[in-house]
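For reference, the structure discussed in these notes is given below.
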Amino acid sequence: MTAATLYDLEELLERPQNRDVSKEMMVRAADRLLAQQCLFRDDYNAAGTYDLVVRHAAYFRGLFDALGRDLVIRADEMMIELRPQESLSRTVLSVDETIVLLALRATFEQGVLTMSQEEFGHIETTSMEVMERYDQWVARPRPPWARVRKILDAFRRRRFIDLGDEIALENGVGITIRPSIRSVTGDAWQTRIEEWIAATQARLAAEAQGQLPGSHAEEAAPIEAREQEIAE
């Protein structure tokens, strides 16, 4: 794909049908997508940006291609996503971030199976439900609430989830899981969960036989399960 240039933008803006579009509007749209990575039309003040990018998808695809990203438009979900190309570096999550991310994906898929999806394919849940999966998968203390909230805030900024009302008595918060969680966790998410469970069971069995000190729990987990790559 040929990368978009300033000349391409000027030529696009000179077309009669684009008299309602300005250079500043195109720049703001590109900046917002770069900042959020994932944009839904129903996001706050996002309809204009969504419509502009869809309208001029060819230009924006060329622009983001030059930046090492693929522009993906999912009209059925009214979502636009920027995906890093294979050569782009990725962020490796910590153990607790990985488990929470996979727990969110499992909760999302359970919601799909039970036909609990809201408008635009969202699934409503709570941090308590997500952390129950955490407890089921690994025999290790769950992170303190402050740490869990920090992880959820980071995922919210990446637009995989939205956070709702605080649930003070439970030390929790309402969560809206977006369909973009699928592109983040990939197709092998179930395999990663199975690896966690198998590693946990093996460690517990070894500890019961006095073969593995409890303090070395993390060493028993497979490397594939300890690291989860997430797009920058």
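Going by our numbering, the sequence shown opens with residue 408, and the numbers climb by one from there.
Each residue gets a CB set at the ideal place from its N, CA and C atoms; glycine is no exception.
Considering Cα atoms alone, identify which of the options is closest to residue i.
i	options	result
residue 424	463, 444, 445 and 455	463
residue 565	582, 573 and 587	587
residue 529	427, 550, 570 and 539	570
residue 572	486, 513, 487 and 531	531
residue 589	431, 517 and 547	517
residue 602	505, 453 and 454	505
residue 555	597, 598, 525 and 501	501
Measuring CB to CB, does residue i end up less than 8 Å from residue j?
i	j	result
residue 489	residue 515	no
residue 436	residue 459	yes
residue 510	residue 540	yes
residue 468	residue 592	no
residue 568	residue 585	yes
residue 523	residue 579	no
residue 507	residue 479	no
residue 527	residue 484	yes
Return the chain-ordered list of same chain residues with a C-beta closer than 8 Å to the C-beta of residue i, the five sequence neighbours on each side being excluded.
i	result
residue 494	Summary for residue 494: the model assigns pLDDT 43, below 50, so the residue's position carries little reliability, and this model does not support an answer.
residue 466	411, 415, 416, 419 and 433
residue 574	533, 534, 535, 580 and 581
residue 429	420
residue 482	461
Since residue i and residue j should fall inside the 8 Å C-beta cutoff, what is the C-beta to C-beta distance between them, to a whole number of angstroms?
i	j	result
residue 558	residue 503	7 Å
residue 457	residue 446	6 Å
Can you list, in chain order, the residues of its chain whose CB lies under 7 Å from that of residue i, leaving out five sequence neighbours each side?
i	result
residue 604	544
residue 453	446 and 447
Suppose the cutoff is 6 Å on Cβ atoms and the five residues either side in sequence are ignored; what does the same chain contact list for residue i look like?
i	result
residue 443	566
residue 366	Lying outside 408 to 639, the shown extent of the chain, residue 366 is not represented and no answer is given.
residue 562	568
What alpha helix (DSSP H) runs, 4 residues minimum, are completely inside the segment 434 to 473?
454 to 462 and 464 to 473
Which whole runs of the alpha helix (DSSP H) in the segment 482 to 562 are 4 residues long or more, in chain order?
502 to 520 and 534 to 544
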